[in-house]
Ligand code: G3P
């Protein structure tokens, strides 16, 4: 399974890239707004550190507006993937952009049927938001599992990015569900390193070593 970082923060991206555990980056307008500054330059900077897919989202809601924004963003670096919202206008843009060789990540997926339509339209990636479904009392992991099962069944080329991940247990659950990718906030990635027995083990080894020196 691939791990992406869900952030527009350069320090976080640099750190995760240095750890060698990150295959790509996803951003969204909320994450970009949090960092401030000019988005195209930020995207170019991110692409200096991350050679895998880097998702950048359009803000237009009509097909021609989305296509125009997508072309501008895709011209920034070859690894840029265009995030398009899951609407009829969005899927029409995905279909047109695929013809131009521009890869899309259809975002804000909350049902199996939305995932199916996005795959049919030619999305390279789809992003089901499992945490936001969990927030409403639905089962986000089950949605990821259903999508992955059917995509496997029909050999769909579309990759599933489990998004809106809230804690390390989600990472295990979406891996078991067969997600191709989990996109993680930096705070979740940091937590994945930790286990109290690892820390205790290091302390005990060092203490034992000191006793005989
Ligand atoms: O970037 C998409 C998604 O991961 C957002 O997550 O935490 O805002 O639901 P969240």
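Numbering (our numbering), first residue to last: 181 to 393.
Glycine is no exception: its CB is placed at the ideal position from the N, C-alpha and C atoms.
For residue 324, the closest C-alpha among the options 188, 337, 184, 344 is that of 344. In this structure residue 228 does not touch residue 239 by the C-beta definition: roughly 24 Å separates them, more than the 8 Å allowed. Per the DSSP secondary-structure output, residue 237 pairs in a beta bridge with 263.
Counting only the Cα atoms, residue 355 lies some 29 Å from residue 275. With respect to the 8 Å criterion, residue 232 and residue 186 are not classified as neighbours on the basis of their beta carbons.
Here the distance from the Cβ of residue 304 to the nearest heavy atom of the ligand G3P is not below 7 Å. The beta carbon of residue 267 sits closer than 8 Å to those of 241, all from its chain and outside the five residues before and after it, given in chain order. Excluding the 5 residues flanking it on each side, residue 302 has same chain C-beta neighbours closer than 7 Å at 274, 275, 278, in chain order. Look at residue 309: its beta carbon is less than 7 Å from one of the heavy atoms in the ligand G3P.
Under DSSP, residue 189 forms no beta bridge with any residue. Around the Cβ of residue 305, a 10 Å sphere holds 16 or more other Cβ atoms; the residue is buried.
The residues 292, 295, 308, 340, in chain order, have a CB closer than 7 Å to that of residue 327 in the same chain once the five nearest residues on each side in sequence are set aside.
In the structure shown, residue 214 adopts helical secondary structure according to DSSP, grouped into three states. In the three-state reduction of the DSSP assignment, residue 344 falls in the coil class. The residue among 378, 336, 346, 374 with its C-alpha nearest the C-alpha of residue 364 is 346.
Annotation note: the stretch 256-307 contains the following uninterrupted alpha helix (DSSP H) runs of length 4 or greater, listed N- to C-terminal: 268-279, 292-300.
Relative to the Cα of residue 349, the nearest Cα in the group 290, 223, 311 belongs to 311.
Distance check between residue 297 and each of 182, 338, 259 places 338 closest, using alpha-carbon atoms only. Taking non-hydrogen atoms of the ligand G3P into account, the C-beta of residue 343 is found less than 7 Å away from one of them. Ranked by how close their Cα comes to the Cα of residue 332, the residues 262, 359, 200, 284 have 359 in first place. Bridge partners of residue 339 according to DSSP: 305.
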